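In the UniProt record's numbering, the protein residues as written are 1 to 233.
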């Protein structure tokens, strides 16, 4: 009797998994922003009041024709977190004491691999507030493997520029429209108490007055739709 190895086209599996979990390419942007916000919450908690979410936290998104760059000045990742959480599908770094005290939101648990639903290459630059480690890591989707080392990890000199930058090289068949991205993401981030910028335009930090006006307009719209429906009935 012959025995053979169980084989997986890993890049294809990740592609299918990401598309099953996330409803669109824009949802992956949302997930990255959520992770960035969680990192900022954790830095604020870790700093014990010397660094705040609203006054100091920034999430910057740059949408270019074939690249997306998402930068945050959150807590950053140590080598251990990068290896055992970000690059490890099914593992979560959001179950630690610090994460729970920070009130972070859990994810679907496929970590950085989720980005390969839209990308052909991923580059991570991160510096940890907790360990002062600065690391650059990258991998190409076509080289992903569960049997061979495929992810590059390089430790470099720390700069005290804490946080994480994710550089996503988009697949050739993926098109992220800037205006659509702003419209999609603003509905999720406009009430966040942290600066979120897309191509240098702030789309968060709505004031209490603006929030009230936004909710009022939404209720008025719903009421008008209800009246039209009742009239037709």
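Yeah, the Cβ is synthetic: ideal placement off N, Cα and C, and Gly gets one too.
The structure presented is a predicted model; accordingly, all values stated were derived computationally and were not measured.
Quick one, which of the options has its alpha-carbon nearest residue i's?
{"i": "residue 190", "options": "171, 17 and 30", "result": "30"}
{"i": "residue 134", "options": "141, 70, 151 and 158", "result": "158"}
{"i": "residue 120", "options": "2, 14 and 89", "result": "14"}
{"i": "residue 10", "options": "89, 32, 123 and 207", "result": "89"}
{"i": "residue 169", "options": "154, 130 and 140", "result": "140"}
{"i": "residue 48", "options": "75, 137, 83 and 70", "result": "75"}
{"i": "residue 112", "options": "99, 96, 200 and 70", "result": "70"}
{"i": "residue 149", "options": "156, 138 and 155", "result": "138"}
{"i": "residue 65", "options": "56, 57, 87 and 167", "result": "167"}
{"i": "residue 63", "options": "36, 173 and 179", "result": "179"}
{"i": "residue 24", "options": "199, 185, 201 and 203", "result": "185"}
To the nearest angstrom, how far is the alpha carbon of residue i from that of residue j?
{"i": "residue 205", "j": "residue 195", "result": "6 angstroms"}
{"i": "residue 68", "j": "residue 187", "result": "20 angstroms"}
{"i": "residue 171", "j": "residue 118", "result": "6 angstroms"}
{"i": "residue 101", "j": "residue 197", "result": "26 angstroms"}
{"i": "residue 115", "j": "residue 161", "result": "24 angstroms"}
{"i": "residue 54", "j": "residue 193", "result": "5 angstroms"}
{"i": "residue 122", "j": "residue 181", "result": "20 angstroms"}
{"i": "residue 128", "j": "residue 40", "result": "12 angstroms"}
{"i": "residue 183", "j": "residue 26", "result": "10 angstroms"}
{"i": "residue 82", "j": "residue 73", "result": "16 angstroms"}
{"i": "residue 50", "j": "residue 176", "result": "37 angstroms"}
{"i": "residue 85", "j": "residue 199", "result": "29 angstroms"}
{"i": "residue 12", "j": "residue 173", "result": "15 angstroms"}
For residue i, count neighbouring Cβ atoms within 10 angstroms of its own Cβ and tell me buried if that reaches 16, exposed if not.
{"i": "residue 61", "result": "buried"}
{"i": "residue 43", "result": "buried"}
{"i": "residue 125", "result": "buried"}
{"i": "residue 146", "result": "exposed"}
{"i": "residue 38", "result": "buried"}
{"i": "residue 16", "result": "exposed"}
{"i": "residue 154", "result": "exposed"}
{"i": "residue 103", "result": "exposed"}
{"i": "residue 1", "result": "exposed"}
So, helix, strand or coil for residue i, using DSSP?
{"i": "residue 160", "result": "coil"}
{"i": "residue 61", "result": "strand"}
{"i": "residue 165", "result": "strand"}
{"i": "residue 190", "result": "coil"}
{"i": "residue 70", "result": "strand"}
{"i": "residue 198", "result": "strand"}
{"i": "residue 28", "result": "helix"}
{"i": "residue 206", "result": "coil"}
{"i": "residue 15", "result": "helix"}
### Sequence ranges, alpha helix (DSSP H) only - wholly within the stretch 82 to 154, length at least 4
Counting only runs that start and end inside the stretch 82 to 154, the alpha helix (DSSP H) elements of at least 4 residues fall at 97 to 102.
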